[in-house]
Amino acid sequence: MISIDRVSKFFGEFQALNQVSIEVMAGERVVVCGPSGSGKSTMIRCINQLETHESGRIIVDGVELDGSREALNAIRARVGMVFQQFNLFPHLTVLQNLTLGPVRARGLSEPAARELAMHYLDRVQIPEQADKYPRQLSGGQQQRVAIARALCMEPGIMLFDEPTSALDPEMINEVLEVMAGLAESGMTMICVTHEMGFARRVADKMVFMDHGEIVETGPPDRFFENPESKRCQDFLQKILHH
Amino acid sequence: MKRLLAILLCPLFLTGCSADWGWYVVNPGTKQGLTNLKFLLGGLQYTVLLSFTAILISITIGLLIALPGLSSNGWLRGFNRLYVELIRAIPILVLILWVYYGMPQISGLSISVFWAGVIALALSDSAFEAEIFRAGIQSIDKGQYEAAHSISLSYGDTMRFVILPQAIKRILPALGNQLVYMLKMSSLVSVIGMQELTRKANELVVTEYRPLEIYTILVLEYLVLILLVSAAVRWLERRMNTDERH
Chain A
242 MISIDRVSKF FGEFQALNQV SIEVMAGERV VVCGPSGSGK STMIRCINQL
292 ETHESGRIIV DGVELDGSRE ALNAIRARVG MVFQQFNLFP HLTVLQNLTL
342 GPVRARGLSE PAARELAMHY LDRVQIPEQA DKYPRQLSGG QQQRVAIARA
392 LCMEPGIMLF DEPTSALDPE MINEVLEVMA GLAESGMTMI CVTHEMGFAR
442 RVADKMVFMD HGEIVETGPP DRFFENPESK RCQDFLQKIL HH
Chain B
94 MKRLLAILLC PLFLTGCSAD WGWYVVNPGT KQGLTNLKFL LGGLQYTVLL
144 SFTAILISIT IGLLIALPGL SSNGWLRGFN RLYVELIRAI PILVLILWVY
194 YGMPQISGLS ISVFWAGVIA LALSDSAFEA EIFRAGIQSI DKGQYEAAHS
244 ISLSYGDTMR FVILPQAIKR ILPALGNQLV YMLKMSSLVS VIGMQELTRK
294 ANELVVTEYR PLEIYTILVL EYLVLILLVS AAVRWLERRM NTDERH
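For the record, the sequence lines run as chains A and B. In terms of my numbering, the first sequence opens at residue 242 and continues consecutively. In terms of my numbering, the second sequence opens at residue 94 and continues consecutively.
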């Protein structure tokens, strides 16, 4: 479903991605971890073209991201994204946040979009907040709205960019629960996260990145019990023992 | 507001006792005074119409000039800079004279005093509006664009539904300032014969020889007008803010 083949990306002199290759099958749940600045976010941002790659190929759902407008529009309609900082639209109500994309980009009628929005608000368990503004919600609720907003585009792939890193500890679980529910429903997911409990529970594949490279990939059992590389061992030790 | 006006008007009535002042010229109690007052206020509608038409046009041009200034394309940004620097460098009075007396010679079309005034004021102000819009749009977090991108919004929809509503709320005080500025600058259009407040006052001074009283009234006319506009802008700001709170 997603094929990333020897992709490199520079920010000026700094090499953010170095010959990164990874395959993600339909329905597969991939968790990406690694130290900050290791290129995790950059990699998933390349998948929906929030960043453009300089070399290598990215093919999503049969469409090659070649920098053309058509490819970009085809892809971003099929790939949903959830951000660390939620990025809800503060001047719109929860419901308006959810219906904007379906109405303007997918051409749904207002009533159909509202129905769709309420369906997904139910799914993230906050239908009662539909008419509130984002700032009236807790961080966990805001992030669940952001997930519902992405789902309203009915994407085939969901990208999560450290979705719980900006949350207070007591709100992390409610967001992870929604994500786990989504994983169970068979959604193709790539999650950048340091929530290793969540990773163990839902991941089909673990990816460890460092200095812009994919250092290690593998199923969670082997990844956590028996990591091959020294860098990955060190990293896991640091985040699992505190 | 009423109290403020009373305080402002108070010295006028006090000085009415002095022999140096001749308020009779605008005394609504006398026939001539009333006629004079009506004559002065006859310019009000033109001042208001001129300023509001000009600000609407200048906001539109300002936005259209601001957007290329935010582009990643160097040529478009260059166009924005050129426009802003050029227009900002022309004094309004000079622009009014140029549009009214100069432009018809190129275009071959004569232009009414009103539209010459509107064009000159709108052009002159549009450079400032462009800078205000640019600053407002730039103050919006990058994450808003990324979220809009991720739900497939087009550039136009992103601007219309996501970025501009937030930017306009932030720049509303600055836009209000420009409207006040515009109301004041509209007095310059009197030089080409526009029958607005200042022109009316000038004409009355010529017939009545009471510049002190008549220009004082003129000052008060602008003052009241601008206080009303300020109050309206503040009301709008409050309304836009309460939108998100409850």
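By construction, the Cβ of each residue, glycine as well, lies at the ideal position given by its N, Cα and C atoms. Because the structure is a prediction, the values reported are computed rather than measured.
Please work out which residues of its chain come closer than 8 angstroms, Cβ to Cβ, to residue i, disregarding the five sequence neighbours upstream and downstream, and give them in chain order.
| i | result |
| --- | --- |
| A/LEU291 | MET322 |
| B/ALA213 | ILE185, LEU188, ILE189, TRP191, VAL192, TYR193, VAL282 |
| A/ALA358 | LEU336, LEU339, THR340, PRO343, ALA371, ALA389, CYS393 |
Where does residue i land, buried or exposed, given buried means 16+ other C-beta within 10 angstroms?
| i | result |
| --- | --- |
| B/TRP168 | exposed |
| B/HIS339 | With a pLDDT of only 44 at B/HIS339, under 50, the local geometry of the prediction cannot be trusted, and the value read off the model is given with reservation. Classification for B/HIS339: exposed. |
| B/SER144 | buried |
| A/ALA389 | buried |
| B/GLU314 | buried |
| A/GLU425 | exposed |
| B/SER203 | exposed |
| A/ARG187 | Lying before the first or after the last residue shown, residue 187 of chain A is absent from chain A, which here runs from 242 to 483. |
| B/TYR139 | buried |
| A/PHE252 | exposed |
| B/TRP116 | buried |
| A/ASP451 | buried |
| B/VAL211 | buried |
| A/LEU362 | buried |
| B/ARG292 | buried |
| B/GLY249 | exposed |
| A/THR434 | buried |
Using a Cβ cut-off of 8 angstroms (strictly closer), state whether residue i contacts chain A.
| i | result |
| --- | --- |
| B/ALA260 | no |
| B/ILE363 | Outside the displayed span of chain B (94 to 339) sits residue 363 of chain B, for which this structure offers no information. |
| B/ALA240 | yes |
| B/ASP54 | Within the shown structure, residues of chain B are numbered from 94 to 339, placing residue 54 of chain B beyond reach of any answer. |
| B/PHE254 | yes |
| B/GLY236 | yes |
Can you find the residues in the same chain that come closer than 7 angstroms, C-beta to C-beta, to residue i, ignoring five residues on each side of it along the sequence?
| i | result |
| --- | --- |
| A/GLN382 | ILE367, GLN370 |
| B/MET278 | ILE185, LEU214 |
Can you tell me the Cα-Cα spacing of residue i and residue j, whole angstroms?
| i | j | result |
| --- | --- | --- |
| B/TRP175 | B/PRO304 | Trp is not the amino acid found at residue 175 of chain B; the sequence shown has Leu there. Between B/LEU175 and B/PRO304, the C-alpha separation is close to 43 angstroms. |
| A/ASN328 | B/ILE285 | 52 angstroms |
| A/GLU311 | A/ALA421 | 32 angstroms |
| B/LEU290 | B/ARG181 | 26 angstroms |
| A/GLU295 | A/SER249 | 6 angstroms |
| B/PHE132 | B/SER200 | 35 angstroms |
| A/GLU403 | A/LEU333 | 24 angstroms |
| B/ILE230 | A/ILE480 | 40 angstroms |
| A/GLN474 | B/GLY162 | 49 angstroms |
| A/ASN259 | A/ASN467 | 25 angstroms |
| A/PHE465 | A/LEU477 | 8 angstroms |
| A/ARG442 | B/LEU149 | 58 angstroms |
| A/VAL261 | A/MET428 | 23 angstroms |
| A/GLY459 | A/GLN326 | 29 angstroms |
| A/ASP462 | A/GLU415 | 25 angstroms |
| A/GLY268 | B/GLN259 | 38 angstroms |
| B/MET287 | B/PHE207 | 7 angstroms |
| B/ILE310 | B/LEU142 | 20 angstroms |
| B/LYS124 | B/LEU130 | 10 angstroms |
| B/LEU246 | A/SER309 | 16 angstroms |
Step through the CB atoms of chain B and report whether any lies within less than 8 angstroms of the CB of residue i.
| i | result |
| --- | --- |
| A/PRO368 | no |
| A/LEU291 | yes |
| A/ASN314 | yes |
| A/HIS332 | yes |
| A/ARG364 | no |
| A/PHE324 | yes |
| A/ALA346 | yes |
| A/LEU408 | no |
| A/MET394 | yes |
| A/GLY321 | yes |
| A/ARG390 | yes |
| A/LEU341 | yes |
| A/ASN328 | yes |
I'd like to confirm the pairing. Which residues does DSSP put opposite residue i in its beta bridges?
| i | result |
| --- | --- |
| A/GLY321 | A/MET399 |
| A/CYS432 | A/VAL272, A/PHE401 |
| A/GLU305 | A/ILE300 |
| A/ILE263 | A/ILE245 |
| A/ASP451 | A/GLU454 |
| A/LYS446 | A/VAL271 |
| A/LEU258 | A/LYS250 |
For residue i, which residues in the same chain have their Cβ closer than 6 angstroms to its Cβ, ignoring the five residues on either side in sequence?
| i | result |
| --- | --- |
| B/VAL326 | GLY269 |
| B/GLU301 | VAL118 |
| A/GLN256 | GLY453 |
| B/ALA220 | VAL177, ILE180, ARG181 |
| B/ALA223 | GLY155, ILE158, ALA159, VAL177 |
Answer yes or no: does any C-beta atom of chain D fall closer than 8 angstroms to that of residue i?
| i | result |
| --- | --- |
| A/ALA318 | Any reference to chain D falls outside this structure, whose protein chains are A and B. |
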